[in-house]
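To start, the structure under review is shown below, and the notes come after it.
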Amino acid sequence: MPELPEVETVRAGLAGHTVGHLITGIEVYAPRSIRRQLGGAQELAARVTGRLITGACRRGKYLWLRLSSDGEEEDYALLIHLGMSGQVLIREGNLDEHRHLRVRFTLERPGEAGERQMWFVDQRMFGYVAAIDLIPDPHAEGYVPETMAHIGPDLLEPVIAPGSPGRKLLNRRIRRSTRGIKTILLDQELVSGIGNIYADEALWRTRLHYARPASALSAAHVNGVLDAASDVLEEALAAGGTSFDELYVNVAGEQGYFERSLAVYGRSGEPCNRCGTPIVREKFMNRSSHFCPDCQRER
DNA sequence: ACTGCGTCCTGGGGGC
DNA sequence: TGCCCCCAGGACGCAG
């Protein structure tokens, strides 16, 4: 499941392998993989064909490639959301078919022979691509396109770094809510990038039960869980992400290896690393929650 | 304003 | 051997 570390790994791969390339062609195999795009595949093709990729950006789990035309100001971005099984693969030479190939982009580097392809592959079809407008000023500090203006900053952004005024404000906003702490971690509007795996890991690290109401937590508790979430995201990023169910790989098709470092996710029945109590899996918000029933008491 | 629930989507796997 | 049902979850729309 692509969360911040996985999406950032893909972003870094795209920064290295697509920036400076022109998009010279696009083939859409699954029209449903084009979303939030008036005019659908046709409009997407019109907007990206012939454009130069000038940068690879990310906020939370949202990823976008900035596009310019003829050296002019960037005006569109190619938005890529991986959903829960999306992959972006860079292929050169090895152009074997892929069972779940949904959209294929052809890339060429000006002045260089040969082409390279960027594949959007997605088994479960929760992900999508779209060409979005870069308005009003793509060069503003901390700019994010309007399409994802509702997405909160992620834990790797300096604006909510530990000890910053932004972090203190976030802490207060979280504690104003009566919702369960895990619900808040998964809500991308307050703080983004955390999904089911890293939410469970952060809660285990801070010994908090997923359903504890945020309003009942102290500022120190909330700071603790945010710090733990930052830590686990950074550790997972350093490991190239978590390839728990083999649906996540980087742009070269390689798996990450953070799965071996998970303390609770996917470990139901196995002993807690702290106290030995078997890890429990429960349904919460129509999702699986993994936790230690001894270390993480509801009250 | 805030909260929670249903829905989308496909393929793997378990049960019979 | 084959079929059917369930499960995985990110994000958003909508009802209360």
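With the working numbering applied, the first sequence corresponds to residues 1 to 299, in that order. Ideal Cβ placement from N, Cα and C applies to all residues, glycine included.
Of the candidates A149, G86, I151, G86 places its Cα closest to the Cα of G127. Among the bridge pairs identified by DSSP, L22 is matched with L52, E108. About 18 Å separates the beta carbons of A46 and P145, which is beyond the 8 Å limit, so they are not a contact pair. In the DSSP assignment, L233 falls within the alpha helix (DSSP H) that extends over 219-238. Rounded to whole angstroms, the Cβ separation of L65 and G193 is 19 Å, and the two are not in contact under 8 Å. In this structure, the straight-line span from the alpha carbon of L186 to that of R207 is close to 17 Å. Take the alpha-carbon of R297 and the one of H209: they are about 6 Å apart. Fewer than three beta-carbon pairs drawn from the region 264-276 and the region 94-104 are found closer than 8 Å, and the two stretches are therefore not classed as touching. Checking the DSSP bridge columns, you'll see P213 partnered with G180.
DSSP, read as helix, strand or coil, puts R102 in strand. K168 carries a helical assignment under DSSP once its states are collapsed to helix, strand and coil. Between D231 and S289, the CB-CB gap reaches or exceeds 8 Å. Counting the other Cβ atoms within 10 Å of the Cβ of S261 gives fewer than 16, which makes it exposed.
For L190, same chain residues with a beta-carbon under 7 Å away, outside a window of 5 residues either side, are G152, L170, R173, I174, I184 in chain order. Between I132 and L79, the C-beta spacing is below 8 Å. By the neighbour-count definition (other C-beta atoms within 10 Å, threshold 16), G60 is a buried residue. For G13, the uninterrupted alpha helix (DSSP H) segment begins and ends at 4-17. Under DSSP, the beta-bridge partners assigned to R287 are F284. Separation of P158 and D227 (C-alpha to C-alpha, rounded to the nearest whole angstrom) is 13 Å. With fewer than three CB-CB distances shorter than 8 Å, the region 278-292 does not count as touching the region 28-48. When T54, E6, R109 are compared, the shortest CA-CA separation from A15 is found for T54.
Counting the other CB atoms within 10 Å of its CB gives Y198 a total of 16 or more, which places it among the buried residues. Residue pairing by DSSP puts L89 in a beta bridge opposite W119. T106 has its alpha-carbon roughly 22 Å from the corresponding atom of Y62.
In the displayed model, S243 falls within coil according to three-state DSSP, outside both helix and strand. Counting C-beta atoms within 10 angstroms of its own C-beta, I26 has 16 or more neighbours from the protein chains shown and is therefore classed as buried. Put simply, of L95, A202, Q37 the residue whose alpha carbon is nearest the alpha carbon of T147 is Q37.
Your pair L233 and L156 checks out as a contact, with CB atoms roughly 7 Å apart and the cut at 8 Å.
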